[in-house]
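Right, one structure below, let's go through it.
Protein chains in written order, with the numbering used here: chain A, 63 to 333; chain B, -8 to 255.
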């Protein structure tokens, strides 16, 4: 079972069952693509001013890759967006995970920090966008601030609940053996909470992407969100689709990258 | 010595620390905006934000008062989430029952899943306009995946014997779904609705920032372009509070359902 299939998916163990599965899966995608081509290019049932044809999609892809669109080529925009996501995510994880560890380590710290956290937590990350623009303008700093708020909350919460979920006997055993502070943190708490921490990071990464796209749609000087925004203003559906596809591919790629990191960081878990 | 205290604090101690923490948070905020290092216009005090919020309860900004903006937002939100639940849940249950449907839908679903709901904004505006249709589509695309996934997962984990018993007794597919799968997977479905409702609320805010002409999201964007930081923060406060209320209500429902099932 690949990680991309739905949880609890029908397990098809026999070869014919697997083949049927693959056949139906590829079949449905192919049928959809064929229907797209026929409806937009042959029968004109779907107006191409509202939904692009495959040919237009291809031409727009070629245009943005070679000539460029919205002041940059596809690679340029994608690099710009990816860099911001990575920066914001790294800052959020770098502060959020230690903060979650601290709150999990000491009930006092948790009681002290939690109320302030509870005030910030219900505000959706996207609602920070106007404030970020007011404070930092349309440049990169505002984007990083918004991504930080999006990724920070899941990083803290999951680290905290990861530590809370450690079975008391494990902690008691480490204590009884007189484990030092540092070893206790690095060899008991972190490994035991690692699966939850990575779940939090995955959620944080997804939130980071969503928020960045929204922030760039509201106002940006470069990036995939700006491509979408320009294409919307130019009423250029094919370019909208190229932008969406790029967002999807990059979101998928970064998630896969994190899954790979996760696999290497926790070799004791069978995947 | 490792001092991770798994023992909870006493109620009094937790309360005192909590009050100190909150006071510290507000104190730092207040000090920062009073200090004069940051322009007051861009960082109003907590009191100014509260005052602005109460003012907006009765005075219109960007065409409507805060309650009227909230009403517009909630209307869109209700349509979007209801649509997501009424398509996602039955589809998820049916995918749990029929393997062929699962095989057909899953690849398409997986392909679309990585596109952030907010990236649908340009198409939503193009297809359904910026009134109510466009934002509803964005809310739908945010709330739909958890509804589908949880209904599917719930249906998959229903004990196969119940389904076989129903089929042996000649129950047709529709009744199998409504009278066997739906009740058996209700806890999972409610959990999915809660996640979906949260994501839907986020998507609503995003949609209103970009493509709406009324609603709280629109209000804060207008506050931003008028450089009225108190309005932006008052709007964020309202968005956070309503989101919290929605979550609390659905969490309560989840507890009730689980308790009725003897799960909690």
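Even glycine gets a Cβ: it sits at the ideal position worked out from N, Cα and C.
The structure displayed is predicted, hence computed values, not measured ones.
Discussion item. Check whether the region 162 to 169 of chain B and the region 12 to 25 of chain B are in contact - that is, three or more C-beta pairs closer than 8 angstroms.
Written reply: No contact exists between the region 162 to 169 of chain B and the region 12 to 25 of chain B.
Worksheet item: For the region 306 to 321 of chain A, which residues have a CB atom closer than 7 angstroms to at least one CB atom of chain B, in sequence order?
Response: Going along the region 306 to 321 of chain A in chain order, one finds 306, 309, 310, 313, 314 with a Cβ nearer than 7 angstroms to chain B.
Practice prompt. Can you check DSSP and say which residues form a bridge with residue 55 of chain B?
Written response: Residue 55 of chain B is bridged by DSSP to B/52.
Worksheet item: If you run the structure through DSSP and keep just helix, strand and coil, what is residue 294 of chain A?
Response: Residue state, collapsed to three classes: helix.
Worksheet item: Hey, is residue 105 of chain A's beta-carbon within less than 8 angstroms of any beta-carbon in chain B?
Response: Closer than 8 angstroms to the CB of residue 105 of chain A there is not a single CB belonging to chain B.
Worksheet item: Count the other CB atoms within 10 Å of the CB of residue 158 of chain B; is the residue buried (16 or more) or exposed (fewer)?
Response: Under the 10 Å beta carbon count, residue 158 of chain B is surrounded by fewer than 16 other beta carbons and is classified as exposed.
Worksheet item: Taking Cβ to Cβ, would you say residue 233 of chain B is nearer than 8 angstroms to residue 47 of chain B?
Response: No, the pair does not count as a contact, with Cβ atoms beyond the cut-off.
Worksheet entry | 8 angstroms Cβ cutoff met for residue 175 of chain A and residue 165 of chain A | Result yes, Cβ atoms of residue 175 of chain A and residue 165 of chain A sit closer than 8 angstroms.
Fill in: Partners in chain B for residue 280 of chain A, counting only beta-carbon separations shorter than 8 angstroms
Residues of chain B with a Cβ closer than 8 angstroms to the Cβ of residue 280 of chain A are, in chain order, 200, 201, 212.
Worksheet item: When you compare only the Cα positions, how much space is there between residue 229 of chain A and residue 222 of chain A?
Response: Residue 229 of chain A and residue 222 of chain A have their C-alpha atoms roughly 14 angstroms apart.
Worksheet item: What is the DSSP secondary structure of residue 168 of chain A, counted as helix, strand or coil?
Response: In the structure shown, residue 168 of chain A adopts coil according to DSSP, grouped into three states.
Worksheet item: Under the three-state reduction of DSSP, which class applies to residue 328 of chain A: helix, strand or coil?
Response: Residue 328 of chain A: coil per DSSP, three-state reduction.
Discussion item. Strictly below 8 angstroms CB to CB, what residues from chain A border residue 9 of chain B?
Written reply: Chain-ordered, the chain A residues with CB closer than 8 angstroms to the CB of residue 9 of chain B read 173, 174, 176, 177.
Fill in: Span of the alpha helix (DSSP H) around residue 122 of chain A
DSSP places residue 122 of chain A in the uninterrupted alpha helix (DSSP H) bounded by 116 to 124.
Worksheet item: Taking the C-alpha atoms as reference points, what is the distance between residue 274 of chain B and residue 105 of chain B?
Response: Beyond the ends of chain B as shown, which are -8 and 255, falls residue 274 of chain B; an answer cannot be given.
Discussion item. To test your reading of the DSSP string, which unbroken alpha helix (DSSP H) runs of 4 or more residues are found completely within the region 172 to 226 of chain B?
Written reply: Listed in chain order, the alpha helix (DSSP H) elements of length 4 or more contained wholly in the region 172 to 226 of chain B are 177 to 202, 207 to 216.
Worksheet item: By the criterion of Cβ-Cβ separation under 8 angstroms, what are the contact partners of residue 126 of chain B in chain A?
Response: When 8 angstroms is used as the limit between beta carbons, residue 126 of chain B is near no residue of chain A, the shortest such separation being about 13 angstroms.
Worksheet item: Where does residue 158 of chain B sit, in a helix, a strand or coil, going by DSSP?
Response: Helix, per DSSP.
Worksheet item: If you measure from the beta carbon of residue 271 of chain A to each beta carbon in chain B, is any gap under 8 angstroms?
Response: Between residue 271 of chain A and chain B, the shortest Cβ-Cβ separation is below 8 angstroms.
Fill in: Whole-angstrom C-beta distance between residue 276 of chain A and residue 200 of chain A, which should lie under 8 angstroms
Going by Cβ atoms, the distance from residue 200 of chain A to residue 276 of chain A rounds to 14 angstroms, so no, they are not a contact pair.
Worksheet item: Measuring CA to CA, which of A/150, A/297, A/154, A/232 is closest to residue 218 of chain A?
Response: Cα-wise, what sits closest to residue 218 of chain A is A/154.
Practice prompt. Return the CA-CA distance between residue 267 of chain B and residue 63 of chain B, expressed in angstroms with no decimal places.
Written response: Nothing about residue 267 of chain B can be reported from this structure: the residues present for chain B run from -8 to 255 only.
Worksheet item: Interface residues of chain B around residue 121 of chain A at Cβ under 8 angstroms?
Response: Those within 8 angstroms of residue 121 of chain A in chain B number zero; the least Cβ separation is about 18 angstroms.
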